[in-house]
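Asker: Below you will find the structure I want to go over with you.
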Amino acid sequence: MSGIFGFTCTSCGERHEGSSSFAFRAPDAYLEQSAEIQARGSLGRNLCYYKDEDGEHYFIRVVLDIPIHGVAEPFIWGVWVSLSKQSYQDYQAHHDKPDINTTYFGWLCNYLPWYSNTYTLATSVHPLDGDHRPCITLHDADHELIHDFKLGISIAKAQQIAELCLHQAAKQEV
Ligand SMILES: [Zn+2]
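Going by the working numbering, the sequence shown wraps up at 181, each residue one higher than the last.
So, in structure tokens, the structure goes:
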């Protein structure tokens, strides 16, 4: 078992080392809002909030680990989940000392590349000690991401997803 995931990219020909971690800078729902709504809300490194005609929306940054077969390090997605106002306030209140015995319910709020619609998959959010962002577990349902979360993915699949993440932006510009 090797420690870190690395591969020679079929897209650009470069070697990508430790490239199995991809993060979203915001919940997709926030990015879809108008500039005014975004300006009245807030987006930080770990917390996001906005209010629209439907009401108030609260999000936190979390981590989703997908095991890679034969590699110690998982494929890590840095994603956002929406929480209830009560959960969000509780999470904020424990900012300095996360309550690791608590679990919050959260809806996944990013569209992950590769997978069919991952938006609003149900999750449980588990606060972790120290400076670590909370990790999430996915609730059972018939979805490829949930399948991968439970069973892990092959190195070949991890490479395909990583290539898509690394080069998606470039492809979109074409
Ligand atoms: Zn590449």
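C-beta atoms are modelled at their ideal positions from N, C-alpha and C, and glycine is treated no differently.
Please report the distance separating the alpha-carbon of G77 from that of I162.
Answerer: To locate residue 77, count along the sequence shown from 1; it is residue 70. To locate residue 162, count along the sequence shown from 1; it is residue 155. When rounded, the distance between both Cα atoms is 8 Å.
Asker: Drop a sphere of 10 angstroms on the beta-carbon of S89, count the other beta-carbons inside from all chains shown, and report buried for 16 or more, exposed for fewer.
Answerer: Against the sequence shown, residue 89 aligns to sequence position 82. That one is buried.
Asker: I'd like to confirm something about E80: is its beta-carbon nearer than 7 Å to some heavy atom of ligand 1, or not?
Answerer: The count along the sequence shown starts at 1 and reaches residue 80 at position 73. False, no ligand heavy atom lies under 7 Å from that Cβ.
Asker: Using a threshold of 7 Å, is the CB atom of L1 nearer than that to any non-hydrogen atom of ligand 1?
Answerer: Residue numbering for the chain in the displayed model covers 8 to 181; residue 1 lies beyond these limits and cannot be assessed.
Asker: Am I right that S85 and F29 are in contact with their C-beta atoms under 8 Å? What's the rounded C-beta distance?
Answerer: Reading the sequence shown from its first residue, position 78 is the one you call residue 85. Reading the sequence shown from its first residue, position 22 is the one you call residue 29. According to the sequence displayed, residue 85 carries Gly and not Ser. Confirmed, Cβ separation roughly 7 Å.
Asker: Give a single yes or no on whether S89 has its beta carbon closer than 7 Å to a heavy atom of ligand 1.
Answerer: Residue 89 sits at position 82 when you count from the first residue of the sequence shown. S89 Cβ: outside cutoff for every heavy atom of ligand 1.
Asker: Taking the beta strand (DSSP E) that A129 falls in, what are its first and last residues?
Answerer: Taking the first residue of the sequence shown as 1, we reach residue 129 at position 122. Element bounds for A129: 129-133.
Asker: Quick one: what does DSSP say C19 is sitting in, helix, strand or coil?
Answerer: As a working mapping, residue 19 is identified with position 12 in the sequence shown. It is coil, neither helix nor strand.
Asker: Span of the beta strand (DSSP E) holding S32?
Answerer: One-based indexing of the sequence shown puts residue 32 at position 25. Reading off the sequence shown, one finds Arg at residue 32, where the question assumed Ser. Per DSSP, R32 belongs to no beta strand (DSSP E) and is neither H nor E.
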